[in-house]
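Novice: My questions will all concern the structure given below.
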DNA sequence: ACCACGCATGAGCAATTGCTCAACGGCCGG
DNA sequence: CCGGCCGTTGAGCAATTGCTCATGCGTGGT
């Protein structure tokens with residue numbers, strides 16, 4: 001894979017100009033003279049030489065090419081960064097199957113974490129199969145005094161290793177750091193229980209610590225029947241399906257968003273025990289991992305919500321997300337209710353216990369991919 | 373024609389290092405982030421990022437390519453610059469025939485002069501067909517108050533337009549500047565006449581002015597039967613032939629040198645009325661033009677003498693000179709008398725009048741291509 | 001012919017970059 | 001096991017670079 005700087009109108013230059021530009025560029029870029037020196041040589045002022053050199057680059061007389069290894073997708077990564085205002089995007093080259101894709105993504109994410117973490121770092125951790133896989137690959141060369149904090153409650157059901165607490169433990173084990181568990185379920189019966197729980201010192205202190213994290217590692221969840229929320233037993237298949245009918249496309253730490261990145265105030269949200277989005281936003285580097293084959297919509301929505309700073313994703317999803325993002329999206333800043341999947345709240349009896357009325361979807365913070 | 377920065381050992385890097393280098397380079401060179409930003413992003417110190425970027429360039433991960441027009445020979449020019457320590461080298465692409473070559477060289481030289489000259493500049497001027505052709509192409513966009521000074525005497529014979537005085541006049545006309553003629557023949561009868569002539573205010577003042585020039589435009593002369601010295605009647609065919617047998621390969625302003633660039637103290641030198649080489653060396657930019665097909669040896673010798681700062685030459689000569697220079701040359705700094713064409717002084721009755729004994733070739737300034 | 005607009009120009013300054021240097025740490029030999 | 005050596009690191013500084021601004025020149029429109 002390779003990448004070039006933008007090539008411009010190479011022909012709109014007269015011969016003489018072209019010659020000057022090329023010669024100037026040769027002296028500056030290849031022979032590594034200073035701008036002052038080349039200017040002197042060509043009988044120009046330094047500023048003029050600088051302007052000409054800039055023009056040479058714009059015009060494509062100077063082409064800078066990165067001889068990247070074939071397994072890097074620097075162009076996709078740049079496109080993701082630019083499209084969604086990300087700080088960093090890492091694309092894992094497509095593998096033979098979904099499992100291999102996940103492993104590849106996890107590996108790249110692990111490498112990224114290893115580079116970022118320092119002694120004393122605090123990492124807020126979410127759940128998910130990919131996040132869990134990250135922990136398996138996370139093996140820094142030397143021990144790191146890093147604290148991993150659960151940023152979401154656990155689940156009673158099966159599929160234990162994808163639990164935030166478990167992921168934390170595995171990550172801490174990988175580097176000789178500390179794991180701070182959140183002793184609470186991801187979803188409780190109702191808002192009342194939730195606020196009681198949040199009042200507990202043990203819960204509150206963990207969430208506070210997560211809120212002060214330097215970095216967050218979260219998985220992007222989907223709304224399909226096989227998503228982590230369902231697999232882990234946090235939500236029932238029906239609940240997730242219903243969320244989908246409400247326009248939800250995916251979540252981060254249980255915070256569901258629609259395709260335009262707007263948070264979805266579903267009744268479930270009242271029952272969620274996790275780091276609030278506003279707190280998550282305050283974390284300097286929110287690293288999201290995503291790799292399942294049916295994730296493009298989830299990733300797109302989450303990226304548009306602007307919570308994510310760093311995305312680690314497989315090549316297939318990356319391409320799909322960029323393609324989807326290129327299509328003009330339904331009304332966002334305009335305030336119009338989007339068409340298509342965004343149906344108004346319908347009759348759904350929330351869940352065995354949650355009785356809170358279906359909330360209107362008005363009055364939320366503006367989405368937009370950029371935030372700081 | 374194109375040119376790349378040195379490609380290094382691209383394979384001696386591990387995958388991870390390679391990835392880091394490529395990604396760093398992408399962010400810095402393509403996305404135009406500052407080193408500080410990319411360092412921050414990758415969790416490195418600025419210095420480390422800088423070192424890695426440098427390594428990326430050395431290793432060839434970053435390739436800078438100049439998209440030069442096909443009629444530029446930047447690679448040859450760089451090679452000439454480096455081989456002979458030139459400040460600048462301009463190679464005119466090969467044309468259909470020798471005349472066209474000369475025109476091309478003259479045109480490039482004229483463009484170079486136009487770029488270099490400023491109001492108030494003083495230019496010392498030599499003779500020759502190419503120099504004369506330069507004058508024909510010399511047409512700056514706006515008038516320039518430049519003084520062109522003859523740096524060598526004239527010739528009584530035919531081929532008037534190649535005379536320094538004529539070249540000066542033509543150049544001055546080209547830009548609306550002033551021409552300062554040297555009212556003396558290039559070669560006089562004997563050393564006595566020469567010193568008398570040099571004592572004349574008119575001659576001395578012109579040569580003084582030439583000595584103080586900001587730039588010099590000189591032709592590189594050969595030692596063949598058709599060289600300018602012969603054509604213009606300055607020297608007889610026999611005299612030039614004899615100079616050749618003495619090891620002379622070419623001249624600048626009548627100062628002949630051998631293939632190693634050492635000045636040749638021939639009897640003719642005693643009779644020459646021209647700016648002395650030591651003075652010529654003091655001129656900041658000595659621009660030499662050369663274009664005849666039989667010039668490689670002359671150009672090589674002159675370049676090795678180190679008088680020239682800027683060379684404008686045709687492609688054929690450029691290649692021939694570089695090829696010849698690549699071959700190990702006969703003893704130079706070693707002091708041994710070079711083999712081959714360098715025969716010891718032989719019986720030659722200098723000329724109708726010059727009676728000075730053939731001089732030994734000992735005790736000259738060190739040659740070497742570099743000087744300042 | 002005059003004026004207004006706009007682009008090019010070079011001065012000066014702030015940011016970025018490259019380099020030097022002392023300190024650190026790991027590695028090898030004693 | 002200890003000491004010296006080499007490679008690596010980041011601090012600090014000097015050089016280089018990029019940018020902003022006031023000025024001037026040319027161009028085109030009254």
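Chains as they are written, first to last, in this note's numbering: chain A, 1 to 372; chain B, 373 to 744.
Where is the CB? At the ideal position from N, CA and C, for every residue including glycine.
Small disclaimer: the values here were computed from a predicted structure and weren't measured.
According to DSSP, simplified to helix, strand and coil, what is residue 533 of chain B?
Specialist: The residue given as residue 533 of chain B occupies position 161 in the second chain. DSSP places residue 533 of chain B in helix when its eight states are reduced to three.
Novice: Go ahead and pull the three-state DSSP assignment for residue 127 of chain A.
Specialist: Within the first chain, numbered from 1, the residue matching residue 127 of chain A stands at position 127. Three-state DSSP puts residue 127 of chain A in coil, outside helix and strand.
Novice: In the DSSP assignment, the beta strand (DSSP E) including residue 667 of chain B goes from what residue to what residue?
Specialist: As a working mapping, residue 667 of chain B is identified with position 295 in the second chain. Residue 667 of chain B -> no beta strand (DSSP E), and no H or E assigned at all.
Novice: Please report how far the alpha carbon of residue 309 of chain A lies from the alpha carbon of residue 211 of chain A, in whole angstroms.
Specialist: Position 309 of the first chain, counted from the first residue, corresponds to residue 309 of chain A. Position 211 of the first chain, counted from the first residue, corresponds to residue 211 of chain A. Each residue's Cα considered, the two are about 16 Å apart.
Novice: Please state whether the Cβ-Cβ distance between residue 595 of chain B and residue 621 of chain B is less than 9 Å.
Specialist: Within the second chain, residue 595 of chain B is the residue found at index 223, counting from 1. Within the second chain, residue 621 of chain B is the residue found at index 249, counting from 1. Taking 9 Å as the Cβ cut-off, residue 595 of chain B and residue 621 of chain B qualify as a contacting pair.
Novice: Going by DSSP in three states, residue 623 of chain B sits in which element: helix, strand or coil?
Specialist: To locate residue 623 of chain B, count along the second chain from 1; it is residue 251. Note: residue 623 of chain B maps to strand in three-state DSSP.
Novice: Judging by CA-CA distance, which residue of A:47, A:272 and A:295 is the nearest neighbour of residue 101 of chain A?
Specialist: In the first chain, residue 101 of chain A corresponds to position 101, counting from 1. Residue 101 of chain A has its Cα closest to that of A:295, out of A:47, A:272 and A:295.
Novice: Quick check: the segment 50 to 62 of chain A against the segment 21 to 37 of chain A, are there 3 or more CB pairs under 8 Å?
Specialist: Output reads yes: the segment 21 to 37 of chain A touches the segment 50 to 62 of chain A.
Novice: Would you mind working out which of B:694, B:552 and B:475 sits nearest residue 501 of chain B, comparing C-alpha positions?
Specialist: In the second chain, counting from the first residue as 1, residue 501 of chain B sits at position 129. Taking only the C-alpha atoms, the option nearest residue 501 of chain B is B:475.
Novice: Residue 414 of chain B touches chain A at which residues, Cβ-Cβ below 7 Å?
Specialist: Your numbering for residue 414 of chain B matches position 42 in the second chain. What residue 414 of chain B touches in chain A: 115.
Novice: Could you name the residues of chain A that residue 397 of chain B contacts, counting a contact when the two beta carbons are closer than 7 Å?
Specialist: Numbered from 1 along the second chain, position 25 holds the residue referred to as residue 397 of chain B. In chain order: 66.
Novice: Does chain A have any CB closer than 9 Å to the CB of residue 388 of chain B?
Specialist: In the second chain, counting from the first residue as 1, residue 388 of chain B sits at position 16. Interface residue, yes.
Novice: Using the Cα positions of residue 624 of chain B and residue 631 of chain B, report the straight-line distance between them to the nearest angstrom.
Specialist: The residue given as residue 624 of chain B occupies position 252 in the second chain. The residue given as residue 631 of chain B occupies position 259 in the second chain. In a straight line, the C-alpha of residue 624 of chain B is about 14 Å away from that of residue 631 of chain B.
Novice: For residue 316 of chain A, does the three-state DSSP call read helix, strand or coil?
Specialist: On the first chain, residue 316 of chain A is found 316 positions in, with the first residue counted as 1. Here residue 316 of chain A sits in helix by DSSP.
Novice: Distance check for residue 659 of chain B and residue 497 of chain B, CA to CA, integer angstroms please.
Specialist: As a working note, residue 497 of chain B is residue 125 in the second chain. As a working note, residue 659 of chain B is residue 287 in the second chain. The straight-line gap from Cα to Cα measures roughly 10 Å.
Novice: So, at 7 Å on beta carbons, what are the nonlocal neighbours of residue 185 of chain A in its own chain, with the 5 sequence-adjacent residues on each side left out?
Specialist: The residue you call residue 185 of chain A lines up with position 185 of the first chain. Closer than 7 Å at Cβ, skipping near neighbours: 153, 154, 155, 156 and 273.
Novice: If you drop the 5 nearest sequence neighbours on each side, which residues of the same chain put their C-beta closer than 7 Å to that of residue 708 of chain B?
Specialist: In the second chain, residue 708 of chain B corresponds to position 336, counting from 1. Residue placement at residue 708 of chain B cannot be trusted, given a pLDDT of 43 that sits under 50; the coordinates are not used to answer.
Novice: Return the chain-ordered list of same chain residues with a C-beta closer than 6 Å to the C-beta of residue 479 of chain B, the five sequence neighbours on each side being excluded.
Specialist: As a working note, residue 479 of chain B is residue 107 in the second chain. So the list reads 509, once near-sequence residues are dropped.
Novice: Quick check on residue 391 of chain B: does DSSP put it in helix, strand or coil?
Specialist: In the second chain, counting from the first residue as 1, residue 391 of chain B sits at position 19. Note: residue 391 of chain B maps to helix in three-state DSSP.
Novice: In this structure, does DSSP put residue 148 of chain A in helix, strand or coil?
Specialist: For this step, residue 148 of chain A is matched to residue 148 along the first chain. Strand at residue 148 of chain A.
Novice: I need the straight-line Cα distance from residue 585 of chain B to residue 656 of chain B, nearest angstrom please.
Specialist: Stepping through the second chain from its first residue, residue 585 of chain B is reached at position 213. Stepping through the second chain from its first residue, residue 656 of chain B is reached at position 284. Each residue's Cα considered, the two are about 8 Å apart.
Novice: In the DSSP assignment, the alpha helix (DSSP H) including residue 413 of chain B goes from what residue to what residue?
Specialist: The sequence position of residue 413 of chain B within the second chain is 41, counting from 1. Here the alpha helix (DSSP H) through residue 413 of chain B covers 407 to 414.
Novice: Quick check on DSSP: helix, strand or coil for residue 285 of chain A?
Specialist: The count along the first chain starts at 1 and reaches residue 285 of chain A at position 285. If DSSP states are grouped into helix, strand and coil, residue 285 of chain A belongs with the strands.
Novice: Tell me the rounded alpha-carbon separation between residue 171 of chain A and residue 300 of chain A.
Specialist: Counting from one through the first chain, the residue named residue 171 of chain A turns up at place 171. Counting from one through the first chain, the residue named residue 300 of chain A turns up at place 300. Taking the straight line joining both Cα atoms gives about 27 Å.
Novice: Give the DSSP-derived three-state secondary structure of residue 451 of chain B in the structure shown.
Specialist: For the purposes of this step, residue 451 of chain B is identified with residue 79 of the second chain, where counting begins at 1. Three-state DSSP puts residue 451 of chain B in a helix.
Novice: I want to see whether chain B comes within less than 9 Å of residue 301 of chain A, judged by CB atoms only; does it?
Specialist: Position 301 of the first chain, counted from the start, is the residue given in the question as residue 301 of chain A. Not an interface residue.
Novice: When DSSP labels each residue in this structure, what does residue 183 of chain A get in the three-state scheme?
Specialist: Within the first chain, the letter at position 183 stands for residue 183 of chain A. Coil.
Novice: Of the choices B:444, B:676 and B:429, whose alpha-carbon is the least far from that of residue 401 of chain B?
Specialist: Within the second chain, numbered from 1, the residue matching residue 401 of chain B stands at position 29. Answer by Cα proximity: B:429.
Novice: Compare the Cα-Cα distances from residue 467 of chain B to each of B:699, B:389 and B:689 and report the closest residue.
Specialist: Residue 467 of chain B sits at position 95 when you count from the first residue of the second chain. Taking only the C-alpha atoms, the option nearest residue 467 of chain B is B:689.
Novice: Please report the distance separating the alpha-carbon of residue 518 of chain B from that of residue 471 of chain B.
Specialist: Position 146 of the second chain, counted from the start, is the residue given in the question as residue 518 of chain B. Position 99 of the second chain, counted from the start, is the residue given in the question as residue 471 of chain B. So the two alpha carbons sit approximately 28 Å from each other.
Novice: Would you mind sorting residue 236 of chain A into buried or exposed? The rule is 16 or more other CB atoms within 10 Å of its CB.
Specialist: For the purposes of this step, residue 236 of chain A is taken as residue 236 along the first chain, with counting starting at 1. Exposed, by the Cβ-count rule.
Novice: Using a cut-off of 7 Å between C-beta atoms, extract the partners of residue 22 of chain A located in chain B.
Specialist: For the purposes of this step, residue 22 of chain A is taken as residue 22 along the first chain, with counting starting at 1. Within chain B, the residues near residue 22 of chain A are 438, 440, 441, 444 and 446.
Novice: Is DSSP giving residue 474 of chain B helix, strand or coil here?
Specialist: As a working note, residue 474 of chain B is residue 102 in the second chain. Helix at residue 474 of chain B.
Novice: Taking C-beta pairs closer than 7 Å, name the residues in chain A that residue 434 of chain B reaches, listed in chain order.
Specialist: To locate residue 434 of chain B, count along the second chain from 1; it is residue 62. Residues of chain A passing the Cβ test: 64 and 66.
Novice: Using the C-alpha atoms, what's the distance from residue 87 of chain A back to residue 79 of chain A?
Specialist: Here residue 79 of chain A refers to the residue found at position 79 when the first chain is read from its first residue. Here residue 87 of chain A refers to the residue found at position 87 when the first chain is read from its first residue. Approximately 12 Å, taken between the alpha carbons.
Novice: Starting from residue 612 of chain B, follow the alpha helix (DSSP H) in both directions and report where the run begins and ends.
Specialist: By 1-based counting over the second chain, the position of residue 612 of chain B is 240. Where residue 612 of chain B is concerned, the enclosing alpha helix (DSSP H) stretches over 609 to 617.
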